[in-house]
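Notes follow once the structure below has been shown.
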Amino acid sequence: MAADTPVYDTLSSQIESKTVVAHVRRATHGDHTIGNTHPFQYGRWVFAHNGNIAGFDEVRSTLREGVASDLRPHILGDTDSEILFYVLLTALSDAGHLDDDGRFSGSPKDLWEIIRPVVTRVAELGGGMHTDPDGPSDRTYLTFVLTDGQTLIGHQGGKPLFVHAPSIDHENLNEPPWVIERGTADHFLLASEPAHDPQMWTPIQQGGVVGVGHDMSVWTSPEALEP
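FYI, in the UniProt record's numbering the residues of the sequence shown are 1 to 227.
Next comes the structure, spelled out in structure tokens:
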């Protein structure tokens, strides 16, 4: 597990920010280069993808055509994940959210409503999202995190995603409940694997979306959290 390595301990102890996105890549498309390394960044937006787009070589040109012409020059690598990021950015641009300083003024739900049609279309191009997280690596999995540093959403697209978001009013953060579906969170964590006590993390169901706003208000899509 990446969190068990000395490098993780060294780097994490030196980072301080209100929003942090970290990713360890298991390559399915593209060489092992800096340009292909997550998280991808454009302006204030950061994106990390845990998954794959099936038949990417066949649909690459179709996906790239879905990227706004002024954004295409910013694609530096050759991964499916980076192109997916820029297709999502195009939807945000069309909705007027890449103007000025690029801050997103809406809620996590608003952000999801903007990019949901894109996620649906990409899933269809890849033959549908695979439901078995341990299935063949060449199937389509669209688990990802997207944020502008203030608003953040996570989508469980076939690969595991866990959330830890206790209420700001919770008297003891070491006791349940460790996630709220609505309200203000003390902190908000997403991970592909629980980073500490597994009991403190809640799995997000297939197709589920969770998010947090600039004011730490938590939003979950209907039936996103596993019981």
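All C-beta atoms, glycine included, are put in the ideal place defined by N, C-alpha and C.
Look at HIS196 here: in three-state DSSP terms it is coil, with no helix or strand label.
The Cβ-Cβ distance between GLY66 and VAL87 falls below 8 Å. Within the region 30 to 99, complete alpha helix (DSSP H) segments of at least 4 residues are found at 56 to 65, 80 to 94, given in chain order.
By the criterion of a C-beta distance shorter than 6 Å, SER81 is surrounded in its chain by HIS49, once the five residues flanking it on both sides are discounted. Counting the other CB atoms within 10 Å of its CB gives THR131 a total below 16, which places it among the exposed residues. Around the beta-carbon of LYS18, fewer than 16 other beta-carbon atoms lie within 10 Å, marking it exposed. At the C-beta level, THR202 and TRP219 stay beyond 8 Å of one another. Leaving aside the five residues that flank LEU225 on each side, the residues in its chain whose CB is nearer than 6 Å to its CB run, in chain order, THR202. Apart from sequence neighbours up to five positions away, the residues of its chain that approach SER221 with a beta-carbon distance below 6 Å are GLY208, VAL209, ordered along the chain.
Judged by DSSP secondary structure, ALA123 falls within the alpha helix (DSSP H) whose first and last residues are 108 to 125. Within the same chain, and ignoring the five residues on either side of ARG103 in sequence, the residues whose Cβ sits closer than 7 Å to its Cβ are ARG44, ASP148, GLN150. Non-local beta-carbon contacts of MET200 in its own chain, meaning distances under 6 Å to residues more than five positions away in sequence, involve HIS164, TRP178 in chain order.
With three or more CB-CB distances shorter than 8 Å, the region 154 to 170 counts as touching the region 186 to 194.
Judged by their CB atoms, LEU98 and LEU92 are nearer to each other than the 8 Å cut-off. For ILE180, no beta strand (DSSP E) run applies, since DSSP gives it neither H nor E.
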